[in-house]
Amino acid sequence: MSLELSGLINAIHEGLTGAIEAQWLVSLIEYVLVGAGLLALYALIALFLIIFERKICAWFQCRLGPNRVGPWGIFQVFADMLKIMFKEIIPLKHNDKLLFYAGPCIVVIGSFLTFGGLQFAEGVHGVDLNIGVFYLLAVSSISIVGVMLAGWSSNNKYALIGAMRSGAQVISFELSACLSMMAVVILGGSMNLSTLMEKQEDLWFIFQAPVPMLIAMVIYLIAAHAETNRGPFDLPEAESELTAGYHVEYSGMTFGYFYVAEYCNLFINAAIGALVFLGGWQAFHIPGCDGFNAVMDMCPSYVWFFLKCLFFIFMSLWVRWSFPRLRIDQLLHLEWKIMLPFSLFNILLVAVWVIIF
Amino acid sequence: MITYFKNVFSGLVNLCKGMYITMLQFCRPKVTEPYPENRKTRKQFERFRGELTMPHNDKNEHKCTGCGICAMNCPNQTITVTKNKVTTEDGKAKIELDQYLYDLGSCIFCGICTQVCPQNAIAWSTNFEHAVFTKSKLVKQLNKPGSKKEEKPAPVKAEPAEKKEAPKENNDKSE
Ligand code: SF4
Ligand code: SF4
């Protein structure tokens with residue numbers, strides 16, 4: 000289909016191979032292009048999500064949100080970005096300089112690495128790893144190392160407590176997120192995202208096995224939401240107790256890195272959820288209704304993908320602006336005594352389901 | 000075990016209820032006033048204390064007798080009342096209001112002045128756009144130039160009952 004991006008990518012590849020003899024040079028140029036494209040996407044998604052969140056949050060509070068800079072305030076976020084870039088990075092005395100500046104970088108690297116493993120549209124992805132799901136889960140939790148470093152090297156008790164809370168929270172919820180992914184892997188029979196996409200061509204996983212997949216999806220959404228450190232799980236940042244948690248000592252762009260990574264993690268979690276539960280870039284198909292399926296195919300695959308991501312992001316914002324913050328013991332109770340048994344049981348359920356159907 | 004499942008599911012149901020409520024808020028019309036754009040259509044609350052005014056009728060007459068009670072009661076000495084002594088045609092000496100100065104810059108909008116005025120001569124307007132470039136412009140003369148005291152109809156003096164009613168009205172308004 001002409002609207003698909005894969006045609007464009009193939010054209011670029013063929014053009015490059017035609018123009019340049021050396022195969023290694025072609026590959027090098029393509030790597031740089033892919034990297035630059037992903038970086039641009041990363042920044043754009045962060046910017047878009049910032050304005051999206053501010054608007055949605057305003058609507059939940061019966062406000063209008065930013066509405067002064069540009070139509071509906073959409074240029075507000077560019078103004079904010081410029082402002083934060085020009086702000087001074089205040090150096091601290093008596094702290095570990097290397098770790099202090101490594102913290103935000105690791106956070107951004109951790110979330111950016113996941114972009115390499117995601118599939119954005121039909122045939123548009125960085126690397127198609129045979130352990131794609133595993134890779135995504137693994138690199139997206141590197142961020143927590145950065146958070147812990149930031150909290151530790153700030154030499155500030157609030158930052159340290161915030162980082163410790165964040166560590167406890169992310170490590171526990173990672174467990175449920177991974178176990179709900181396991182359910183998907185059992186159903187799909189593969190960790191390769193392309194294979195999972197193929198399996199969902201006719202029917203998304205959520206419709207293939209509604210009961211276990213719904214449980215897995217709810218658990219995944221809660222766990223992923225908790226991993227992004229956003230309300231009601233924002234106790235690492237709890238401004239009323241810890242001022243700002245682990246990034247309290249950061250200013251200027253070093254804080255901006257945490258901020259960007261937070262929003263991109265929001266997108267990444269939504270994207271992983273969309274890929275494994277809602278069929279990623281696959282259009283909505285009903286087996287047997289060819290006319291309906293053809294209509295659905297008219298929409299390009301990246302539109303499907305981003306719509307599904309937006310749906311999950313909206314759910315996440317909805318939860319964020321609905322519930323009050325949990326206490327640390329309530330949080331750990333939720334994970335270890337409720338979500339973990341349910342996700343373990345869910346794996347059993349999905350295995351039985353796969354054997355029976 | 001049963002209470003565990005009960006708790007989990009009632010918890011889920013309650014979360015859904017909470018999200019339903021926030022969704023209702025999400026769909027409600029927004030309360031933000033897009034201020035400079037809706038300047039013409041914006042509605043101000045009636046009882047909003049924006050600025051002290053002295054209502055004048057069509058004949059450029061106000062009700063203030065220049066008694067100075069408001070100035071005496073003002074906690075900030077925001078009001079300055081200057082009086083003129085005039086002699087009426089029938090030879091009686093009479094006190095008349097000369098200037099009623101109100102300093103917006105020092106007013107705390109407590110509303111005592113309007114409450115204590117026995118003549119009900121001053122009232123609040125809802126205008127709130129007070130910004131000026133010089134402080135001196137905040138001092139305003141409330142009685143219009145050339146205005147004079149509204150003459151009371153003659154029978155009022157004879158009937159003390161009506162006099163009593165006047166302060167009552169006052170209280171109702173300022174409450
Ligand atoms: S509102 Fe209060 S401060 Fe202002 S003029 Fe009246 S009595 Fe004085
Ligand atoms: S406004 Fe009322 S209280 Fe003040 S001087 Fe005039 S009549 Fe007296």
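First to last, the protein sequences are chains A and B.
Residues in the first sequence are numbered from 0 upward in steps of one, following numbering that gives the first Met the number 0.
Residues in the second sequence are numbered from 0 upward in steps of one, following numbering that gives the first Met the number 0.
For glycine and all other residues, C-beta sits at the position ideal for the given N, C-alpha and C.
If you're wondering where the values come from, they're calculated on a predicted model, not measured in any experiment.
Quick one: which chain A residues come within Cβ less than 8 Å of residue i?
i: M71(B); result: Near M71(B) there are no residues of chain A at all, since even the closest Cβ is about 45 Å away, more than 8 Å.
i: V30(B); result: C61 and R62
Which one of the options has the shortest CA to CA distance from residue i?
i: A120(B); options: V30(B), N37(B), I68(B) and K134(B); result: I68(B)
i: H129(B); options: G145(B), G17(B), K147(B) and R48(B); result: R48(B)
i: I312(A); options: H224(A), P231(A), I8(A) and F356(A); result: H224(A)
i: K84(B); options: I94(B), C106(B), F25(B) and K58(B); result: I94(B)
i: N268(A); options: F291(A), S342(A) and V138(A); result: V138(A)
i: L14(B); options: S342(A), V217(A) and G251(A); result: V217(A)
i: Q281(A); options: V259(A), A57(A) and E197(A); result: E197(A)
i: F206(A); options: G278(A), A158(A) and N228(A); result: G278(A)
i: G104(B); options: E149(B), Q76(B), P35(B) and S9(B); result: Q76(B)
i: V349(A); options: P299(A), F283(A) and M180(A); result: M180(A)
i: R46(B); options: P144(B), W123(B) and T87(B); result: W123(B)
i: Y219(A); options: M147(A), Q329(A), V169(A) and Y262(A); result: V169(A)
i: M18(B); options: L343(A), L15(A), F322(A) and A293(A); result: F322(A)
i: L174(A); options: E3(A), L7(A) and L333(A); result: L333(A)
i: F119(A); options: L331(A), Y301(A), Q329(A) and L330(A); result: Y301(A)
i: L40(A); options: K92(A), L117(A) and L2(A); result: L117(A)
i: L7(A); options: V123(A), H246(A) and L97(A); result: V123(A)
i: C56(A); options: R324(A), V351(A), W320(A) and L325(A); result: W320(A)
i: Y258(A); options: V33(A), A10(A) and N228(A); result: N228(A)
i: A260(A); options: V210(A), F114(A) and A222(A); result: F114(A)
i: Q43(B); options: Q140(B), T125(B) and H61(B); result: T125(B)
Against chain A, with Cβ distances strictly below 7 Å, would residue i count as a contact?
i: M18(B); result: yes
i: V7(B); result: yes
i: R27(B); result: yes
i: V80(B); result: no
i: T21(B); result: yes
i: Q43(B); result: no
i: E174(B); result: Because the pLDDT of E174(B) is 39, which lies under 50, any placement of that residue in the model is unreliable, and the question is left without a value.
What three-state label does DSSP hand residue i in the structure shown?
i: S5(B); result: The sequence shown places Lys at residue 5(B), rather than the Ser named in the question. Correct three-state label for K5(B): helix.
i: V126(A); result: coil
i: W123(B); result: strand
i: M0(B); result: coil
i: V138(B); result: strand
i: K147(B); result: strand
i: G278(A); result: coil
i: M338(A); result: helix
i: V30(B); result: coil
i: L343(A); result: helix
i: I8(A); result: helix
i: G110(B); result: coil
i: G14(A); result: helix
i: W430(A); result: Any answer about residue 430(A) is impossible in this case: the structure gives chain A only from 0 up to 356.
i: G131(A); result: helix
i: K167(B); result: Residue placement at K167(B) cannot be trusted, given a pLDDT of 44 that sits under 50; what the coordinates show is reported in the next sentence. Three-state result, K167(B): helix.
i: Q24(B); result: helix
i: N13(B); result: helix
i: M297(A); result: coil
i: M18(B); result: helix
i: G287(A); result: coil
i: V132(B); result: The sequence given here places Phe at residue 132(B); Val does not occur at that position. F132(B) falls in the coil class under three-state DSSP.
i: E36(B); result: coil
i: A269(A); result: helix
Would you mind telling me which residues of chain A sit closer than 9 Å to residue i, beta carbon to beta carbon, in chain order?
i: P33(B); result: L63 and N66
With a threshold of 7 Å between beta carbons, is residue i in contact with chain B?
i: S175(A); result: no
i: W71(A); result: no
i: S321(A); result: yes
i: I337(A); result: yes
i: W58(A); result: yes
i: M0(A); result: With a pLDDT of only 48 at M0(A), under 50, the local geometry of the prediction cannot be trusted, and no value is derived from it.
Going along chain A, which residues have a C-beta under 7 Å from residue i?
i: Q118(B); result: Ordered by position in chain A, no residue passes the 7 Å Cβ test against Q118(B), which lies about 43 Å from the chain.
Listing by chain order, which chain B residues have their CB less than 9 Å from the CB of residue i?
i: W317(A); result: M18, T21, M22 and F25
Who are the neighbours of residue i on chain B, taking C-beta pairs under 8 Å?
i: W23(A); result: Ordered by position in chain B, no residue passes the 8 Å Cβ test against W23(A), which lies about 54 Å from the chain.
Does the beta carbon of residue i sit closer than 7 Å to a beta carbon anywhere in chain E?
i: T79(B); result: Among the protein chains in the structure shown, which are A and B, there is no chain E.
In chain order, which continuous runs of the alpha helix (DSSP H) of length 4 or greater are located wholly inside the segment 39-103 of chain B? 68-72
Any chance you could list the alpha helix (DSSP H) runs of at least 4 consecutive residues sitting entirely within the segment 184-224 of chain A, in chain order? 192-198 and 204-207
Curious, which full-length alpha helix (DSSP H) runs of at least 4 residues does the segment 60-124 of chain A contain? 75-85 and 96-116
Minimum length 4: unbroken alpha helix (DSSP H) runs contained in the segment 218-266 of chain A: 238-241
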